[in-house]
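Right, one structure below, let's go through it.
In UniProt numbering, the protein residues as written are 1 to 57.
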């Protein structure tokens with residue numbers, strides 16, 4: 001958390017370039033979060049289907 005805050009402070013101090021850095025960092029965080037969510041969902045669905053198939057047979 002401290003690292004993120006210090007990064008934000010540095011970015012704010014450097015003006016427009018800093019705002020650009022903040023926005024790109026946020027976008028990358030959001031993309032990473034979406035990727036993690038889809039990955040977890042895929043794994044859960046896959047495991048669920050395996051369990052259903054095994055129990056069904």
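Think of the CB as a built atom: it goes at the ideal place given N, C-alpha and C, for glycine as much as any other residue. None of the values given here were measured: they were computed from a predicted structure.
Secondary structure of residue 15 (DSSP, three-state): coil. Spanning the alpha carbons of residue 53 and residue 30 requires a straight line of approximately 34 Å. The alpha-carbon separation between residue 4 and residue 48 amounts to approximately 37 Å.
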